[in-house]
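Beneath this line is the structure, given in structure tokens, with notes to follow.
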Amino acid sequence: MTPLLNGLMITLLFLSGVYLVAVMERWSLTGHVIWGGPIRSFLLLFAREEIKTRKHDKVFFETAPILFIGVILLTISILPFGRDSVIINLGTGALFINAALVYVMVALMMIGWATNGVYAMVGGWRALAQLIAYSMPVVMVLTATVMRAESMFLIDIVESQQSLWNILFQPVGFILFYISALAITFLPPFDLPVAKGELAGGVWADLTGARKLLFRLGRLTLVLTLSVAVVVLYLGGWMGPWLPEFVWTFLKTLVVAASFFAIGRFMPRIRHDHLLEFNWKYGVPLALYNIFQVGVVLLL
Amino acid sequence: MKYGARKGKMNFWRRWLAKVTSRELVIFPIPGADLLRVYQSEPMNREARLAESPKEANVLLVIGDLSVEMAERAATIYAQIPRPRVLVLAGPDHLSPLPHPDVHVPLEKDFLETVLPAARECLSSYSWTEEAEPFRPEKLVKEIEAATQEQGHMHDHHGHGAHEGHDHSDHGAHEGHDHSAHNHSDHGAHEGHDHSAHNHSDHGAHEGHDHSAHKHTDHGAHEGHDHSAHKHTDHGAHEGHDHSAHNHSDHGAHEGHDHSAHNHSDHGAHEGHDHSSHHHEKTEEDHAHLHGEHSNGGHDHGSGFMSMKAMTKDLTRSADGLPMEWSDVQFGPFHPGLPGGLRLSMKLDGDTVVKAVADRDQQGFNLPASITNNPAALPEYLEAVNPEAPVSYRLLAQKALVNFSGAVADSALTIPEAVQLEKERIISHLNWLAVFATTLGSDWMRDQSIKHYHRFQNGTGNSNQLSGFISRIKKMPYLKLKLSAGHQNLEVKNHSHSTHSTPEHSQGSHDHSAHKISDHGEHQNHEHSSHQHGKAEGGHTHSHESHEHSTHHHETHSGHTEHKSEDNHQGHENHHQGHGEHINHETHNHSHGINEAKDQDVVPGQLPNETTGPVARAAGIEKDQRLEEYVYEQNGWKPSTASGNTAWSRLKVRLDEMEQSLRFIAKAGDKFEVDPSQKIDIPSKGMGNGIAHIESPRGIVTLKFHIHEGKLAHFQLTTPSEALLDVIQQVTAKLELADALTAVASLDISPREIH
Amino acid sequence: MVPLTQYILLFGMLLATAGLVWMLYLIKQSLGQTLDEPGKDIPAESGNLAAKPAWLRYHIHYYGYALLFLAFDMEMAFMYPWAVVYKQVGLLALLDMGVFLMILFLGLIYTWTQLGLKRQ
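Respectively, the protein sequence lines represent chains D, H and L. Taking the numbering used here, the leading residue of the first sequence gets 30, the next gets one more, and so forth. Taking the numbering used here, the leading residue of the second sequence gets 281, the next gets one more, and so forth. Taking the numbering used here, the leading residue of the third sequence gets -5, the next gets one more, and so forth.
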């Protein structure tokens, strides 16, 4: 397909993906599937006044939403929807995913500091803790997938799964990446920065208008991005029998995104200290074991 | 809608936008979602949803009458809601600081059904008007101005642009205030001034915390190095974060002089300085003066270099020995994770709770004259003022009246009454579970409990489904682990105490807490999951704070109960007393260690004696009014207790109680109809006392009155929630914020019961 | 595409995002100004006036983890190129990196036993 058509198709898929994820989020929160819901919420944020808290930190207040949504868009642009359907086939793709998504948590920290409210502050520092917690497992399991593919091109990583999808080849890695993806998107049970019951909205409690929209939209896009990442890295990307490639990716992405939302309903929010503890005491050794296991299997 | 509409002309696009967005109503309920549920008969459907914070709400819904303070806070919330906003009052006509309502409905069941269309109409038609006016309630304006003055100095940091320019005149205003961010005696150095708050405003985060140690007369001095401190701290976390990368230059450059600048200037200048005089003159010149020159601080007073240790000498240390700043925050009346109306003032050390105090100035309980003159109407009145547990209060009043009149031989509950009571227990626990699930963050639990709540409230409850739900909660992954915060490891605790006894005494009183905390921390580390230890040292299941002085339940066993209970509440304050105790207890510990093995996890002496209800039962104390009732005994009923005194045990006790109630109701049969309450006649010359107790869902409620000549002379209502307020500090001390809020939510306090 | 071009493209995307966001702000502003009222800009504190600014020397309790994170992050920086050539180099690569990982892993264990991996 020509690059233009390609780009158009990816954009379309992306937008519809975001919309469907928004509907899913509404479903996970209220139990109702409202197809017009995202549009209404979007417009509602436009129709209302915009308030900036007193004595907020201007630099952070302005930078954080842009940074948040910016890095997410960057990440999705390097993820392949099909063998030729990728906007930028970055040579350090696997590394870039993690590197860019670190800024998500940074943006949360920034906005938590910026709004100058105690609830937001607590949420912001918790976001940082989440970053420290999930970073190591995620990086290590990414390395394991790169080991199998012998390159960091995401397209190569998908191609390396021709014989056996990574979810079966490195199950431990899949579980860790899945959990870390939940942590990156701060979905329940990892929604510490924006805890509803504890911090009354936490980090984004004091945001209104366009900035709130950017964060909410950004989070949905993040869910989509990470679902695509899970699919690309572990679920064989676009591989599948008759349907065209991008459709497969899209379907798998939706399944993964739905599972992200579904899991959160059934567990209480993880405790702050448990988050760090479990990730470092059990997550990191498991990730190291994963690398070791993949290494041994690859040499056999 | 003049206080709720946006200012502007309604043109085509705006009208369309208003119409489309009015379909989505986001409600902020006052005092809380739990009270809102009482008046609904089915879960809120897709038309409306509840707001997490005021900024995302567009409807403020006030349910019932509010006291003056609560109305003021409701006005604050209203002021924080972005326009267009709708004010709905269900019940009162007009609540003083709030403006006149846009929608007013009487308080009755299902009032939401009339409210929603009306609110929608308001939003779609009046979202933009030209007559919109700012909402300026007087009290609020005054408070805000006082608050802004307190904040004072945030300087204009040029390179950063982080703060809007503040005028130094703020400094003046600042003078007399007490920034009670830390109320540590060690800050006495500055004549009762609390620099900490001041410092915050100055620099944002700082390593210049030592300001507290020095009388902060010259803001000028701060300013100079503030810029630097501010710059680097502002850019995010100090912990080796990316952002610090771009501030390294600043950081390094300032490192040395920050402290020195401070030291020179502040130090010499202040011993015994009088701020006020000093203040204004200094600021301008110092500011200019110090801008560029950090190294000598711009003042000639002051001597050499002060190490960080010396600078932060007088600060209170946290558990791990770091001098950090504590924040005062309130988890106020309208928090989605707490019962509606409960206000907690907390002092947070980072995100650890140091002190948590519940607000006691709830609505006063004044009996209206109609009731004093006609005590026979007491049951209906009590039923009306307690919408959350109407049946319990009605039965209580009836029992008391029966006791008073002596007409019936005994005032025990009959089976239909017991069935009603148990049904209410189920409903109340379900409502509590919905709030608890919000605090926990489990949406499924919340939605299911709301569903069951409404069903049981309507009488169409399905006990099998409820039992299924209860067992699924018990099996929920990770729930037990999460709720067992504060559960301490038994034997390891003893070690810590022995090792810590000596150092503790050597330090000042304020470090007592620090040490305590640290050793708990260590033990906490050792296996969260395996709480129950076989060879327990006797009843150590505690939350951390219990340690302070009371860890050693051995004390209770050995008869130090009285001593302990008072200590419990005072927490850090009784340092010295605690020290002494501490040593004694230690020795006790070791000696009693073997004997207590059987009583593991039972901590009877830990709660104050007045605690009743599921909270007490969760600590192993078997206090239940239903033990005295014949009908229960007849059915072979036993109170359900649990051990552990953590949020998990309280949850378990309530779930067990729900199951018990279901069984009781099933056994007693539903064939009894609701008995119309027998009217007790009070003869006009009647004189006497009436006393009754009843086990309401939250604990034992006691009613005592004295009737003199047919009128109520003396009236006393003791509710379980009042006793539970005393438990809050104990339950939350030294826990992380989320765990503390969960613990408070698990207590099931009803602010409407507090007088 | 040459990697440099790709990165430039990515950077350009970031700028474009900023531009889009700015346009969003403009659209929002056209729908009306915010009415200035007292209390509106106080950050949410469940109905209480948040008097003091929230900026302070916040005591985080996870600095033990943060330090360890630094060490491991440096390790991961080395692991990326290693992972790419792993299959090629074979057993030697496994052993070499194995030693490195083992040393760091022992560091993790050490921190664990020294109670660094807990809420401070």
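Don't be surprised by glycine CBs; every beta carbon is placed ideally from N, CA and C. Every value quoted in this text rests on a predicted model; they were computed, and no experiment measured them.
Quick check on the burial criterion: 16 or more other C-beta atoms within 10 angstroms. Buried or exposed for K703(H)? Around the Cβ of K703(H), a 10 Å sphere holds 16 or more other Cβ atoms; the residue is buried.
Beta-carbon separation (whole angstroms), A12(L) vs I95(D), contact threshold 8 Å: The pair is a contact, with the Cβ atoms about 5 Å apart (cut-off 8 Å).
Apart from the five residues just before and just after E410(H), which ones in its own chain have a Cβ nearer than 6 Å to its Cβ? Within the same chain, no Cβ atom closer than 6 Å to the Cβ of E410(H) is found once the five residues on either side in sequence are excluded.
Between the CA atoms of Y148(D) and H507(H) - distance to the nearest angstrom: Legend: pLDDT at H507(H) = 37, less than 50; position of this residue unreliable, no value from coordinates given.
Cβ-based burial, E668(H) [other Cβ within 10 Å; buried from 16]: Here E668(H) is buried, its C-beta having at least 16 other C-beta atoms within 10 Å.
Contact with chain L by A24(D), beta-carbon distance below 9 Å: Any answer about residue 24(D) is impossible in this case: the structure gives chain D only from 30 up to 329.
For F63(L) and G153(D), I'd like the C-alpha separation in whole angstroms. A direct Cα-Cα distance of roughly 18 Å separates F63(L) from G153(D).
Contact set between T28(L) and chain D, taken where Cβ atoms lie within less than 8 Å: Residues of chain D passing the Cβ test: E78, E79, I80.
Does DSSP classify Q322(D) as helix, strand or coil? When secondary structure is reduced to three states using DSSP, Q322(D) falls in the helix class.
Tell me whether D631(H) is buried or exposed, calling it buried when 16 or more other Cβ atoms sit within 10 Å of its Cβ. By the 10 Å Cβ count, D631(H) comes out buried.
Using CA coordinates, which residue listed in K762(H), S598(H), A948(H), T652(H) is at the minimum distance from P696(H)? For the options K762(H), S598(H), A948(H), T652(H), the alpha carbon positioned closest to that of P696(H) is the one of A948(H).
Check this for me: beta carbons of P377(H) and P417(H), under 9 Å apart or not? Cβ atoms of P377(H) and P417(H): closer than 9 Å.
Given that K310(D) touches chain L, what residues does it touch there, using C-beta distances under 9 Å? By Cβ distance, chain L contributes L102, W106, L111.
Among F292(H), L375(H), T1022(H), whose alpha-carbon lies nearest the alpha-carbon of W712(H)? Here the closest residue by C-alpha is T1022(H).
Output, in chain order, the set of chain H residues within a Cβ distance shorter than 7 Å of S70(D). Those within 7 Å of S70(D) in chain H are E304.
Cβ closer than 9 Å: which chain D residues qualify as neighbours of G617(H)? Residues of chain D passing the Cβ test: A224, K225, G226, E227, L228, A229.
Could you check which residue in E939(H), L942(H), L1005(H), A927(H) has the C-alpha nearest to that of S1026(H)? With distances taken between Cα atoms, S1026(H) lies closest to A927(H).
Helix, strand or coil at N683(H) [DSSP, three-state]: In the three-state DSSP reduction, N683(H) falls in the helix class (H, G or I).
Sequence-distant residues of the same chain with beta carbon closer than 6 Å to L1050(H), five excluded per side: Given that chain H is displayed from residue 281 to residue 1035, the structure contains no residue 1050(H) and the question cannot be resolved.
Proximal chain L residues relative to M38(D), where beta-carbon distance stays under 9 Å: Within 9 Å of the CB of M38(D), no CB atom of chain L is found; the nearest one sits about 18 Å away.
Interface residues of chain H around G371(D) at Cβ under 8 Å? Lying outside 30 to 329, the shown extent of chain D, residue 371(D) is not represented and no answer is given.
Mind listing, in chain order, the continuous alpha helix (DSSP H) runs of no fewer than 4 residues lying wholly within the region 992 to 1018 of chain H? The qualifying runs are 1000 to 1012.
Suppose you measure from the CA of V52(D) to the CA of G66(D); what does that come to, to the nearest Å? Straight-line spacing of the CA atoms in V52(D) and G66(D) works out to 7 Å.
Within its chain, find whatever has a CB closer than 7 Å to the CB of I39(D); leave out the 5 residues flanking it on each side and keep chain order. Excluding positions up to five away in sequence, the list reads F110, S114, I116.
Run through DSSP, which three-state label would P309(H) get? In the structure shown, P309(H) sits in a strand (DSSP, three-state: E or B).
Rounded to whole angstroms, what's the CA-CA distance from I974(H) to Q905(H)? Just pull it up for me. I974(H) and Q905(H) have their C-alpha atoms spaced approximately 6 Å apart.
When you compare the CB of A1013(H) with every CB in chain L, is at least one pair closer than 9 Å? Chain L places no beta carbon closer than 9 Å to that of A1013(H), leaving this residue out of the contacts.
Tell me whether A136(D) sits in a helix, a strand or coil according to DSSP, three-state version. Per DSSP, reduced to three states, the secondary structure at A136(D) is helical.
Using a Cβ-Cβ cutoff of 9 Å, what residues of the region 589 to 622 of chain H are near chain L? List them in chain order. Residues S598, A599, D600, L602, P603, M604, E605, W606, S607, D608, V609, Q610, F611, G612, P613, F614, H615, P616, L618.
Kindly indicate which residue of G344(H), F985(H), E413(H), K1014(H) has the alpha-carbon position closest to the one of H994(H). Ranking G344(H), F985(H), E413(H), K1014(H) by CA distance to the CA of H994(H) puts F985(H) first.
Cα separation between E78(D) and L1004(H)? Approximately 41 Å, taken between the alpha carbons.
Closest Cβ-Cβ distance between K396(H) and chain L: below 9 Å? Sequence check: residue 396(H) is Leu here, not Lys. Judged by the 9 Å Cβ criterion, L396(H) is not in contact with chain L.
Output, in chain order, the set of chain D residues within a Cβ distance shorter than 8 Å of T719(H). Under the 8 Å cutoff, chain D gives G226, E227.
So I361(H) and G33(L) are supposed to be a Cβ contact under 8 Å. How far apart are they, rounded? About 10 Å separates the CB atoms of I361(H) and G33(L); that is not less than 8 Å, and the two are not in contact.
Should H709(H) and P323(H) be called a contact, given that it needs their Cβ atoms to be closer than 9 Å? The Cβ-Cβ distance between H709(H) and P323(H) does not fall below 9 Å.
Does the beta-carbon of W49(L) have 16 or more other beta-carbons within 10 angstroms, so that it is buried, or is it exposed? Burial call: buried.
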